[in-house]
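A short worksheet on the structure shown next.
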Amino acid sequence: MAEQQNQNELSRYIDLLHGCSLLGDLSEDELQHFLSLTCPETFQAGDEILEEDKVYQGLWIILEGECEVVKRGCNGRNRLATLDPGNVFGEMSFLQKAPHSASVKAINEVHTIRLLREKYDALLECCPTSAQKIAVNIVRVLSDRLRRMDDWTCELVDGQGDQKQHQEWHDFRSKLYSGLFE
């Protein structure tokens, strides 16, 4: 009964979910099956949904509200991004069991759906095509974020005009990309 109520509640978000980068290419049946594996959650303003340096393999999609991605730094907490409905978070630790690289906090009341890694693994067993589509879309999300970070870092280094920093950045990128093939 509660599961049916959750499904009815989530049906009002179908258009948003079809437009979500993670789920956009799922068929209607695949999307409905995916939703049956998720858990709706509501967070209040200021709630920490994901905590930096903690290990938890969940993947969230924002249905309503806004979140901020924050990371501890030398001078306190730095806001890295603001996430809106349709955005996904938790994807790095979802794929690789590792501590979260940042925290995610609710800016206002936030409604999400959460997919546990165990539920994804079950999807992989019963519906490998759907699971593969989701995995490829997670890689696309990560690739897009990496590309934007790379562009931003290059602009930052270029704007400072310091030759030493340019060389350090070049060396870092060389190590980063060459490390992929070792």
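In numbering that gives the first Met the number 0, the protein residues as written are 0 to 181.
Quick reminder that beta carbons are idealized off the backbone N, C-alpha and C, glycines included.
Looking from the CA of Gly45, the closest CA among Val68, Ile106, Met91 belongs to Ile106. If you compare the alpha carbons of Asp52, Gly85, Glu47 with that of Leu15, the shortest gap goes to Gly85.
Exclusion of the five residues before and after Cys126 leaves Glu29, His32 as the residues of its chain whose Cβ lies within less than 8 Å of its Cβ. DSSP lists Glu47, Glu67 as the beta-bridge partner residues of Lys104.
Within the model, the alpha-carbon separation for Arg76 versus Lys70 is close to 5 Å. Counting only residues of its own chain and dropping the five nearest sequence neighbours on each side, Ile137 has a CB closer than 6 Å to the CB of Glu90. In the DSSP assignment, Trp59 is bridged to Phe88, Arg113.
Shown here for Lys132: same chain residues with a beta carbon closer than 7 Å to its own, the five before and five after excluded, namely Asp24, Leu25 in chain order. Between the beta-carbon of Val54 and that of Lys96 there is about 6 Å, and that keeps the pair under the 8 Å contact cut. As the crow flies, the alpha-carbon of Ser142 is around 30 Å from that of Gln43.
Judged by DSSP secondary structure, Gly75 falls within the beta strand (DSSP E) whose first and last residues are 75 to 82. Judged by DSSP in its simplified three-state form, Cys38 adopts strand. Just so you know, the alpha carbons of Leu49 and Ser102 end up roughly 5 Å apart. When the alpha-carbon of Thr37 is set against those of Ser10, Glu51, Arg147, the nearest one is in Ser10. The three-state secondary structure of Gly72, taken from DSSP, is strand. Annotation: the continuous alpha helix (DSSP H) that includes Gly18 extends over 13 to 18. When the alpha-carbon of Ala130 is set against those of Ile13, Tyr12, Leu82, Leu21, the nearest one is in Leu21. The beta carbon of Trp59 sits closer than 6 Å to those of Phe88, Gly89, Thr111, Arg113, all from its chain and outside the five residues before and after it, given in chain order.
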